[in-house]
């Protein structure tokens with residue numbers, strides 16, 4: 003028995019693309035962080051255990067996002083993902099401010115860079131959701 007992917011409507015494409023990009027980049031970053039947990043930990047000021055947990059979390063989230071991009075109805079997951087990324091942006095700024103003493107300057111910059119990334123990708127996902135809403 004063969005299976006085929008569900009048909010993709012033109013209005014789905016921007017949201018699916020944003021989710022795929024997020025999934026690919028999150029997975030790649032997670033694997034890279036896991037593979038270099040020691041050096042990343044030393045550079046950022048996070049413990050090796052926290053660094054490994056962050057890497058594993060990114061990798062698992064990224065894999066989930068890639069699966070979500072293949073859903074027949076991507077809109078509900080896209081709404082949740084865009085909101086989650088927006089919330090993560092706020093959390094990253096708070097973490098950078100609150101955890102600044104144990105974090106090195108590179109650690110603060112890294113956390114803020116992740117926050118900036120999630121803000122940008124949340125905006126792209128939100129635009130994809132809005133485009134789908136406009137064409138319903």
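Numbering (our numbering), first residue to last: 3 to 138. Here a beta-carbon is modelled for each residue, glycine too, at the ideal position from N, C-alpha and C. Bear in mind the structure is a predicted one, so any value in this text is a computation, not a measurement.
- Fewer than three Cβ pairs drawn from the segment 31–46 and the segment 66–79 lie within less than 8 angstroms of each other, which leaves the two stretches out of contact.
- Note on geometry: alpha-carbon atoms of residue 81 and residue 133 lie some 12 angstroms from one another.
- Only buried fits residue 131, as 16 or more other CB atoms lie within 10 angstroms of its CB.
- Taking a cut-off of 8 angstroms for Cβ pairs, the segment 89–100 and the segment 34–53 do not touch, as fewer than three such pairs fall below it.
- Runs of the alpha helix (DSSP H) lying entirely within the segment 7–34, each at least 4 residues long, are absent.
- Residue 127 is positioned such that its CB atom lies no closer than 8 angstroms to that of residue 62.
- In this chain, the alpha helix (DSSP H) harbouring residue 134 covers 107–136.
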